[in-house]
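Student: Handing you this structure, nothing more for now.
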Ligand code: ZN
């Protein structure tokens, strides 16, 4: 069902200082940068082989990442698995009785479609599934 880890999401207060670490010190290549209003974040994807690190900075305090930062501070936010058919995967997860945050896919970075499972269903790890847009992530 999950073909690989698509990315690891890291919550940060500001994108630029995080880029000094991930781009400059770790020498990762920035693959994409985008404001995703639907999720209330500015996001940067950096390539790590065929996977990515996704830096997430909130557009305001009253957003999911803004509330995460207020509660827990910066750090590991979620793990995202790549799937080829997000509707079928969501149905399988629903049938298994797992608690979902998103009953339907929503728009993610780079035109992908994404959905989150509730951390209480996934041993405390906020877990995302991603169906990449054609031509962007089907490594
Ligand atoms: Zn993500």
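Residue numbers (our numbering): 26 to 164. A virtual CB, placed ideally from N, CA and C, is assigned to each residue, including glycine.
So, does the segment 87-96 touch the segment 106-124, judging by three or more C-beta pairs under 8 Å?
Tutor: Too few Cβ pairs lie closer than 8 Å, so no.
Student: Residue 160 to residue 136, Cα distance in whole Å?
Tutor: Between residue 160 and residue 136, the C-alpha separation is close to 10 Å.
Student: What first and last residue would you give for the beta strand (DSSP E) that runs through residue 31?
Tutor: 29-36 is the span of the beta strand (DSSP E), which, as asked, contains residue 31.
Student: Cβ of residue 160 versus every heavy atom of the ligand ZN: is any distance shorter than 7 Å?
Tutor: No.
Student: Put residue 91 into one of helix, strand or coil per three-state DSSP.
Tutor: In the structure shown, residue 91 sits in a helix (DSSP, three-state: H, G or I).
Student: Taking C-alpha atoms, which residue in 32, 98 and 152 lies nearest to residue 69?
Tutor: Ranking the options by Cα distance to residue 69, first place goes to 32.
Student: DSSP on residue 157, reduced to helix/strand/coil?
Tutor: In this structure, residue 157 counts as coil in the three-state DSSP scheme.
Student: So the candidates are 35, 123 and 55; which of them puts its Cα closest to the Cα of residue 99?
Tutor: Nearest C-alpha to residue 99: 35.
Student: If we define contact as Cβ-Cβ less than 8 Å, is residue 37 a contact residue for chain D?
Tutor: No chain D appears in this structure, which consists of one protein chain only.
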